[in-house]
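**Student:** Dumping the structure here so I can ask a few things about it.
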Amino acid sequence: MQKTVAIELKVNEAEIRELINEKLDAAIKDVLFTWDINEMAKRTCMSKSFLENEFLDDPRMKILERRKEKGKRYWFYEESLQAMKQIMDSW
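All residue numbers for the sequence shown refer to the working numbering, where the first residue is 6 and numbers rise by one.
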C-alpha cells in the first residue's frame, strides 16, 4: 500500500530576488576593479544620458574618472559606487 504525500511550498519571490542580487553584488565586487559607462548603465539600469547628467558631471565622480587623452573613460568600481550613493542621497 502506497501513501501519497502532498507538499505545499510557498516562495517569496521578492526575498529570493533580493538574495540573488546580494550574491551577485558580492561576486561583482570580487571581479570588477573598474567599469565604463556601458557597464555602469547595464548594472544600474540607468541610461547613459541620465548617468552623464546626474552622476558623471558631479565633482565626486570626476575625481574618480581615469582616461588617457581622448581615450575611453573608466571609474574605479567600489569608489564610484559609493560616490553614486552619496549623490543619490543628496537628491
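Using N, Cα and C, we set each Cβ at its ideal position, and we do this for glycine too. Keep in mind the model is a prediction, meaning the values are calculated, not measured.
Alpha carbon to alpha carbon, how far is I21 from S85? Give it in angstroms, no decimals.
**Tutor:** Distance between the alpha carbons of S85 and I21 is about 27 angstroms.
**Student:** Please classify T166: does DSSP put it in a helix, a strand, or coil?
**Tutor:** It is not possible to answer for residue 166, since the shown part of the chain is limited to 6 through 96.
**Student:** Excluding the 5 residues preceding and the 5 following K34 in the sequence, name in chain order all residues of the same chain whose CB lies nearer than 8 angstroms to its CB.
**Tutor:** Counting only Cβ-Cβ distances below 8 angstroms, and skipping sequence neighbours, we find Y82 and E83.
**Student:** Helix, strand or coil for F81, going by three-state DSSP, please let me know.
**Tutor:** Strand, per DSSP.
**Student:** With a threshold of 16 other CB atoms inside 10 Å of the CB of W96, please say whether the residue is buried or exposed.
**Tutor:** Under this definition W96 is an exposed residue.
**Student:** Cα-Cα, which of K67, R65, P64 and I42 is closest to F55?
**Tutor:** Checking every option, the nearest Cα to that of F55 belongs to I42.
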